[in-house]
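Residues 117 to 257 (my numbering) are what the sequence shown spells out, left to right.
Quick reminder that beta carbons are idealized off the backbone N, C-alpha and C, glycines included.
Okay, so here's the structure we're looking at.
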Amino acid sequence: MSYNPEIPRNRYDNYGDREWTRLERDAHGELLYHVHSDILKRYIKPSDSVIEIGAGSGRYTKDIVKMCKELTVADISPHQIEFNKAKMKELGLYDRIEEFLILDVVNMSTIESESFDCVVCVGGVINYLLDKEQDGIEEML
Numbered sequence: 117m118s119y120n121p122e123i124p125r126n127r128y129d130n131y132g133d134r135e136w137t138r139l140e141r142d143a144h145g146e147l148l149y150h151v152h153s154d155i156l157k158r159y160i161k162p163s164d165s166v167i168e169i170g171a172g173s174g175r176y177t178k179d180i181v182k183m184c185k186e187l188t189v190a191d192i193s194p195h196q197i198e199f200n201k202a203k204m205k206e207l208g209l210y211d212r213i214e215e216f217l218i219l220d221v222v223n224m225s226t227i228e229s230e231s232f233d234c235v236v237c238v239g240g241v242i243n244y245l246l247d248k249e250q251d252g253i254e255e256m257l
């Protein structure tokens with residue numbers, strides 16, 4: 117099966133605001149959230165410039181922005197980026213975010229190489245890349 121960026125874009129545009137509550141629905145989701153948060157705390161330094169790829173609704177954005185010097189948020193879904201912006205405004209964190217980008221991880225040519233100290237990619241982003249998985253990983257690195 118070949119990668120088609122329209123598939124994840126449409127899925128998350130249509131999934132809408134449910135992405136924000138996905139990790140609160142059951143014990144498994146809560147465990148995932150806490151495990152990922154602990155890993156992020158271990159590796160993100162206060163002096164880091166971070167890009168969060170596949171940021172979705174902002175469930176981790178709200179934590180990452182407090183851990184680093186500057187944060188750029190990226191997602192393939194315009195709806196998720198808009199929801200993320202709204203959530204960050206609601207939480208008083210919007211002004212701490214450097215930039216919000218609609219971005220396909222397979223083509224990050226608009227971002228200068230090595231412009232971030234840390235790349236965060238939590239969730240299903242790599243799973244959606246199919247035959248372009250290696251391309252996406254190389255773009256992130």
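| Are GLU168 and THR177 close, meaning C-beta to C-beta below 9 Å? | Contact annotation: GLU168 and THR177 have beta-carbon atoms nearer than 9 Å.
| query | Does the beta-carbon of GLY240 have 16 or more other beta-carbons within 10 angstroms, so that it is buried, or is it exposed? | reply | It counts as exposed.
| query | Roughly how many angstroms lie between the CA atoms of MET204 and GLY174, to the nearest whole one? | reply | Taking C-alpha positions only, MET204 is separated from GLY174 by approximately 8 Å.
| ALA143 lies in the alpha helix (DSSP H); which residues open and close that run? | 143 to 159 is the span of the alpha helix (DSSP H), which, as asked, contains ALA143.
| request: Can you give me the Cβ contacts of VAL235 inside the same chain, cut-off strictly under 7 Å, excluding the 5 residues immediately before and after it? | output: Cβ-Cβ distances below 7 Å link VAL235 to ILE167, ILE169 and MET256 in the same chain, with the five nearest sequence neighbours on each side left out; the list follows chain order.
| By Cβ distance below 6 Å, which residues in the same chain neighbour ASP233 in space, the five residues on each side in sequence not counted? | Hits under 6 Å: ASP164 and SER165.
| query | Comparing the C-beta of ILE213 with each C-beta of chain B, is any distance below 9 Å? | reply | Absent from the structure: chain B. Only one protein chain is present.
| Quick check: the stretch 202 to 216 against the stretch 224 to 233, are there 3 or more CB pairs under 8 Å? | The stretch 202 to 216 is not in contact with the stretch 224 to 233.
| request: Please specify which runs of the alpha helix (DSSP H), each continuous and at least 4 residues long, are wholly inside the stretch 164 to 232, giving them in chain order. | output: Correct list: 177 to 183 and 194 to 206.
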